[in-house]
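Peer 1: Quick note: the sequence shown uses the UniProt record's numbering, first residue 1, plus one each step.
Glycine is no exception: its CB is placed at the ideal position from the N, C-alpha and C atoms.
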Amino acid sequence: MFDVEHARWLDENCKHMSDLRGALQAHLPDGNLGVIVDQCIANYDELFRLKEIVAKSDVFHLLNGTWMTPAERCFLWMGGFKPSELLEILMPHLDPLTEQQLLVIGNLRLSSRQAEEALSQGLEQLHRSLADTVTGGSLSDGVDVGNYMGHMALALGKLTNLEGFVRQADNLRQQTLHQLRRNLTIKQAARCFLAIGEYYTRLRALSSLWASRPRQ
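Shown next, in the form of structure tokens:
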């Protein structure tokens with residue numbers, strides 16, 4: 001179900017990218033351009049809403065990135081993009097930036113990186129704890145059904161924490177996009193969201209080329 005909704009979201013996002021490109025080329029006034037930019041960020045908000053729903057029913061689907069193309073999955077972090085990496089990609093496309101904007105975006109990159117590290121460490125600790133729980137008792141001797149079921153119940157309880165990690169990662173992604181919208185000019189924000197869309201379009205194109213490459 002999510003894959004279908006995501007495909008629809010992609011179609012809508014492509015329309016917004018086309019509108020942004022046309023508006024920038026036509027040098028539309030900021031008022032008109034701002035409407036399209038706000039539509040773009042509202043569309044991203046919708047994606048995060050869809051992901052929140054699926055995280056409650058199948059968090060592994062998001063974590064494994066099966067709804068993405070192979071090239072996109074190379075850069076997958078907790079079910080989506082890593083904010084600090086996206087900011088690094090975007091920086092060359094936002095010039096010229098004022099000193100205040102450089103300071104704000106620099107601080108945003110730093111805080112994003114710190115939050116990412118904290119979440120990654122937390123997820124790693126959960127992995128270790130989950131492995132310890134699953135391997136509780138003997139793995140080579142006969143299975144004690146009661147003991148086995150007890151460990152599985154504990155493991156299931158720990159798996160529910162995965163949803164929280166994905167939700168926090170998506171909150172960080174969403175906040176990053178909104179911070180960019182607030183601290184950039186209308187034209188900069190338009191170039192920003194156009195660059196994001198083009199980046200992922202190229203990753204999907206790369207996946208298609210990889211899949212259709214000659215095989216010996």
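1) For a test of the three-state rule: what should DSSP assign to W67, helix, strand or coil?
2) Provide the residue span of the alpha helix (DSSP H) that contains R21, from first to last.
3) Which runs of the beta strand (DSSP E), 3 residues or longer, sit entirely within the segment 55-103?
4) Applying the criterion that 16 or more other CB atoms from any shown protein chain within 10 Å of the CB defines a buried residue, is T176 buried or exposed?
5) Exposed or buried, G106, counting other C-beta atoms within 10 Å across all chains shown (16 or more means buried)?
6) What does a CB cutoff of less than 8 Å around N43 pick up in its chain, not counting 5 residues either side in sequence?
7) Output the boundary residues of the alpha helix (DSSP H) element that contains M207.
8) In whole angstroms, give me the CA-to-CA distance for A211 and G31.
9) What does the alpha-carbon distance come out to for the pair I53 and N171?
10) For the alpha helix (DSSP H) that contains Q216, what are its first and last residues?
11) Measuring CB to CB, does L123 end up less than 7 Å from F165?
12) With distances taken from CA atoms, which of R215, L206, R182 and R213 is nearest Q101?
13) By a C-beta neighbour count over all protein chains shown, 10 Å radius and 16 as the cutoff for buried, is P83 buried or exposed?
14) Could you tell me the alpha carbon to alpha carbon distance between F75 and T201, rounded to whole angstroms?
15) Could you check the C-alpha separation between S111 and Q174 for me, to the nearest Å?
16) So the alpha helix (DSSP H) T176 belongs to, where does it begin and stop?
17) Can you grab the Cα-Cα spacing for the pair L94 / L20, in whole Å?
Peer 2: The structure says:
1) When secondary structure is reduced to three states using DSSP, W67 falls in the coil class, being assigned neither helix nor strand.
2) It spans F2 to Q25 - the alpha helix (DSSP H) in which R21 sits, taken as one unbroken run.
3) The beta strand (DSSP E) runs lying completely inside the segment 55-103 and spanning 3 residues or more number zero.
4) Label assigned to T176: buried.
5) By the neighbour-count rule (16 or more Cβ atoms within 10 Å), G106 is not buried but exposed.
6) So the qualifying residues of the chain are W9, E12, N13 and H16.
7) Here residue 207 is Ser; the residue named in the question, Met, does not match the sequence. I186 to A211 is the span of the alpha helix (DSSP H), which, as asked, contains S207.
8) For A211 and G31, the distance between alpha carbons rounds to 42 Å.
9) Computed Cα separation, rounded: 14 Å.
10) Segment: none, Q216 is in no alpha helix (DSSP H) and carries neither H nor E.
11) By the CB criterion at 7 Å, L123 and F165 fall inside the cutoff.
12) Measuring from the Cα of Q101, the nearest candidate turns out to be R182.
13) Per the 10 Å Cβ criterion, buried.
14) When rounded, the distance between both Cα atoms is 14 Å.
15) Counting only the Cα atoms, Q174 lies some 14 Å from S111.
16) DSSP places T176 inside the alpha helix (DSSP H), whose first and last residues are N161 to N183.
17) Straight-line measurement puts the Cα of L20 at about 15 Å from the Cα of L94.
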